[in-house]
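Below is one structure; the comments refer to it alone.
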Amino acid sequence: MAMNNNSLIDRIKSFFQSKTILSKLVLINIIVFILANISNLYLILFQVPHTESLFTDWFGVPSNLEILIRKPWSVFTYMFLQENFFHLLFNMIMLYFGGVLFLQFLGGKKMLSTYIIGGLFGAAAYIFAFNFFPVFREVSTYSIALGSSASVIAVLVAVAFYIPEYEIILFLIGKVKLKYIAIFLVVMDLLSIDKGNPGGHIAHLGGALWGFSYILFFKKRIYWSLIFNPIVLFFKNLTKGKRKLRVEFKNERPLHDDAYSKNRVDNQKKIDAILDKISKNGYHNLTKDEKDFLFSTSNKK
């Protein structure tokens, strides 16, 4: 048993030491969770009058447009904020599950953009629904949304429809294609809107919409997500550690542009062929060379 515990601890340490976009996103969510609960404890111990927790009030996204105008940063900050442990645990498990596959097939840069833009779509869906549908009229004046769920489902849906035939083994169920898991989660959110936490479920659907749309346009070589690049670049810089100043001179591309372009085209054709093979036969039928090539190219994205 001790060996198993040590193995689990070693795997967790190795995960965070890897310093991938996935590990950084998980770490940010955990740190914000700790800070939020410490601030709540402070308010309780010192009997500071409050209606909402300090972090929810400042960093949760409100549906009330008048309040939102005064807290525009909340459309970003809400996607890193969980105050309930099980809410955090479930979201981080789902993020890890989808994130590992996303990193392997699409790379860290695309994962960060999918997480951030998926969260923005989730916030937009929540704010629109609570101000458009009459059923939410009363609660829209004080409702606040928080949690990384919209961002997480954006990542999961995106990778699920990028490699839809990829199979995973679920406990007591067996092999299930990734696309069916994504469809199940989306349908459950849709059917749960009137069962409680409607804002959360609507935000999930907004995130899922972005994840699906992103892959749909990506496969057609339409990169309209680039309009969000300044936002994504800002968050990317926040996750980078400080580096020593270094001056380096190098060519951005080989001297022979024709050879460079041909190499890119050939690589893209090879990637497309591998992805087609995954869609038809599953990832497990790839050769070792094909898996290595796909992994090496995803690390460069």
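Residue numbers for the sequence shown follow the working numbering, so the first one is 1 and each next one is one higher.
In this text, a Cβ means the ideal position worked out from N, Cα and C, and glycines have one as well.
Do residue 82 and residue 29 have their C-beta atoms within less than 8 Å of each other? yes
Since residue 141 and residue 64 are thought to touch, with beta carbons under 8 Å apart, how far apart are those beta carbons, to the nearest angstrom? 5 Å
Would you mind giving the Cβ-Cβ distance between residue 23 and residue 15, rounded to the nearest angstrom? I have them listed as a contact below 8 Å. 5 Å
How many Å lie between residue 90 and residue 219 at the Cα? 30 Å
Sort 197, 13, 102 by Cα distance to residue 139 and report the nearest one. 197
For residue 203 versus residue 273, is the C-beta spacing smaller than 8 Å? no
So which of 148, 266, 155, 176 has the shortest CA-CA distance to residue 105? 155
If you reduce the DSSP assignment to three classes, tell me which class residue 8 lands in. helix
Would residue 33 and residue 88 be called neighbours here (beta carbons separated by less than 8 Å)? yes
Does the distance from the CB of residue 26 to the CB of residue 92 come in under 8 Å? yes
In this structure, how does DSSP classify residue 139 when only helix, strand and coil are distinguished? helix
Inter-residue Cα distance where the pair is residue 180 and residue 221: 25 Å
From 149, 37, 163, pick the residue whose C-alpha is nearest to that of residue 208; which is it? 149
Under three-state DSSP, which class holds residue 186? helix
Distance, Cα to Cα, residue 78 vs residue 102? 22 Å
Measuring straight from C-alpha to C-alpha, what distance separates residue 143 and residue 169? 38 Å
According to DSSP, residue 167 sits in a beta bridge with which residue or residues? 177
Contact check, residue 18 vs residue 36 under 8 Å by CB: the rounded distance? That pair is no contact at about 26 Å.
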